[in-house]
Structure formats: structure tokens, C-alpha cells
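Colleague: Numbering (the numbering used here), first residue to last: 1 to 216. Backbone N, C-alpha and C fix where the C-beta goes; we use that ideal spot for every residue, glycine too. Computed from a prediction, not measured in an experiment: that's the story for all the values here. My questions will all concern the structure given below.
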């Protein structure tokens, strides 16, 4: 399934991320995620290029020791990646190497509690976990810095989330698990091939059905 993302999709997602994370142009972002994935394309390639933020690129996300050393060398303040990559980078480095880090953004997988503990042990950075999906450019929600961590955070500005029963007949009560439905300017218009229609009608509106389960 090809997922075409428009300029508007990506720009709205970048704007939402900047607002949620209160990112500054003086930050230094370490980019090691491959740009052929939407997380790497939007968050660690286009975001810094469009905002004037300093950006350090490294071609191999598995070279944990070199990335950890680079955090110190380049004075990195912002790090974004999957929990697995972040964990390996922190295990490979010393506390001194991460002394300039302020925000670490985790996505694409669930962040285990041990990762929060590791980041706290080796740096003063705040680990902000989020949730995203390629069809949504990709960030849907994220925990905002300096606010209580709760699940995968709050939706970005302009993004709406509904939790529906699996038969789409009702909205789930708070705490009840159901299908995650998403609306917003970051949501794509449809797959490149007409293999399936990912959109559903719920409460009289058109929503993207993520296929993921979650609860409010």
C-alpha cells in the first residue's frame, strides 16, 4: 500500500510538533532515522530544515557508540527515535555525553518504563513518548514537555481522536478500549492503490480508521 502524503499533510504535522514540544531554532537535532520512513522524513529531516534549527545527520542508527559520542561533540539538545535506538544509544554512552540534551522524543514503538529510568539516570533530558502512523504524516499525539506523562500524550493541534466500538455503533466510554479513529490536516487522502478504503463514517463524520486499539 502506497501512502501519498501531501505538502499540506507534512507541513501541518511539523507545525503541530513545533507547538507541542516548544522547539526552539537554537536547538541542535541529531538525525539518524532513515528519511524513507515518515518519522525520519517529517521529524528529523524536514522539520529542522524548515525551521532553521541546527541539524546533525548520521547515516547508521545502529552505530550507538558513535551517535552517543556525537551528542557531546555537537552539543545535541534534541534527540528523536524509536525506543530501541534510544535505549542502545544511552547504554553506549556516558552521562557526560548527554549533558546538553533537553528533550528526547520516542515513537514508533511503546516506550518501556525502563527507558524512562535509563534516560533519567544518564541525563537531565525529558523523555516525551508519542504515537504516530505513516498515514498521519506520522505524528498523532505526544506527551508535552514539563507536563505529567500520560499514555502516548495529547493530540497535536488540529488533530481529533475518537475511540469507537469495533462495530462502529457507539463511542467508547473513558477507559474502555476500542478502535482509534483520527481526523486532521495531517491525515492522508487515501492509498495510492485502491486496495482498501481506510476511512469510515462515525458520528456523521469521515474518520481515518487506524486499525489500532486504545482508550482515553
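1. Under DSSP, the beta strand (DSSP E) around residue 133 begins and ends at which residues?
2. Smallest Cα separation from residue 164: which of 156, 153 and 176?
3. I want to know whether the stretch 151–163 touches the stretch 1–19 - three or more CB-CB distances under 8 Å.
4. Checking 8 Å against the spacing of the C-beta atoms, do residue 126 and residue 145 come in under that value?
5. At which residues does the alpha helix (DSSP H) containing residue 119 begin and terminate?
6. For residue 214, which beta-bridge partners are listed by DSSP?
7. Less than 8 Å separating the beta-carbons of residue 14 and residue 42?
8. With a floor of 3 residues, list each beta strand (DSSP E) that falls wholly inside the stretch 8–86, ordered by position along the chain.
9. Since residue 5 and residue 137 should fall inside the 8 Å C-beta cutoff, what is the C-beta to C-beta distance between them, to a whole number of angstroms?
10. How would you call residue 94, buried or exposed, if buried means at least 16 neighbouring beta carbons within 10 angstroms?
11. Between the C-alpha atoms of residue 118 and residue 90, what's the straight-line distance to the nearest angstrom?
12. Using C-beta distances below 7 Å, list every residue in its chain close to residue 148, excluding the 5 sequence neighbours before and after it, in chain order.
13. Between which two residues does the beta strand (DSSP E) carrying residue 141 extend?
14. Determine, using beta carbons only, whether residue 135 and residue 188 come nearer to each other than 8 Å.
15. Where DSSP assigns a beta bridge to residue 206, which residues make up the other side?
16. Looking at C-alpha atoms only, which residue of 23, 202, 69 and 40 is the closest neighbour of residue 54?
17. Output needed for residue 101: all residues of its chain with C-beta closer than 7 Å, excluding positions within five of it in sequence on either side, in chain order.
18. Where does residue 96 fall in DSSP's three states?
Modeller: So, from the listed chains and residues:
1. Working through the chain shown from its first residue, we reach residue 133 at position 133. No beta strand (DSSP E) contains residue 133, which DSSP labels as neither H nor E.
2. Working through the chain shown from its first residue, we reach residue 164 at position 164. For the set 156, 153 and 176, the Cα lying nearest the Cα of residue 164 is the one of 176.
3. These segments touch.
4. Here residue 126 refers to the residue found at position 126 of the chain shown. Here residue 145 refers to the residue found at position 145 of the chain shown. Yes. Within cutoff.
5. In the chain shown, residue 119 corresponds to position 119, counting from 1. Unbroken alpha helix (DSSP H) run through residue 119: 113–122.
6. Walking along the chain shown from the start, residue 214 turns up at place 214. Looking at the DSSP assignment, residue 214 forms a beta bridge with 178.
7. By one-based count along the chain shown, residue 14 stands at place 14. By one-based count along the chain shown, residue 42 stands at place 42. Yes; because the gap between Cβ atoms is below 8 Å, this pair is in contact.
8. Within the stretch 8–86, the complete beta strand (DSSP E) runs of at least 3 residues are 28–31, 54–57 and 78–81.
9. Looking up residue 5 in the chain shown gives position 5. Looking up residue 137 in the chain shown gives position 137. Confirmed, Cβ separation roughly 5 Å.
10. The sequence position of residue 94 within the chain shown is 94, counting from 1. Label assigned to residue 94: exposed.
11. By one-based count along the chain shown, residue 118 stands at place 118. By one-based count along the chain shown, residue 90 stands at place 90. Straight-line Cα distance between these residues: approximately 7 Å.
12. Here residue 148 is taken as the residue at index 148 of the chain shown, counted from 1. Apart from the 5 residues on each side of it in sequence, residue 148 has no Cβ closer than 7 Å to any other Cβ in its chain.
13. On the chain shown, residue 141 is found 141 positions in, with the first residue counted as 1. For residue 141, the enclosing beta strand (DSSP E) stretches over residues 139–142.
14. Against the chain shown, residue 135 aligns to sequence position 135. Against the chain shown, residue 188 aligns to sequence position 188. Contact annotation: residue 135 and residue 188 have beta-carbon atoms nearer than 8 Å.
15. Position 206 of the chain shown holds residue 206. 201.
16. On the chain shown, residue 54 is found 54 positions in, with the first residue counted as 1. Residue 54 has its Cα closest to that of 23, out of 23, 202, 69 and 40.
17. The residue you call residue 101 lines up with position 101 of the chain shown. Within the same chain, Cβ atoms closer than 7 Å to the Cβ of residue 101 are found at 71, 76, 77, 79, 123 and 125, the five residues on either side in sequence being excluded.
18. Walking along the chain shown from the start, residue 96 turns up at place 96. Residue 96 falls in the helix class under three-state DSSP.
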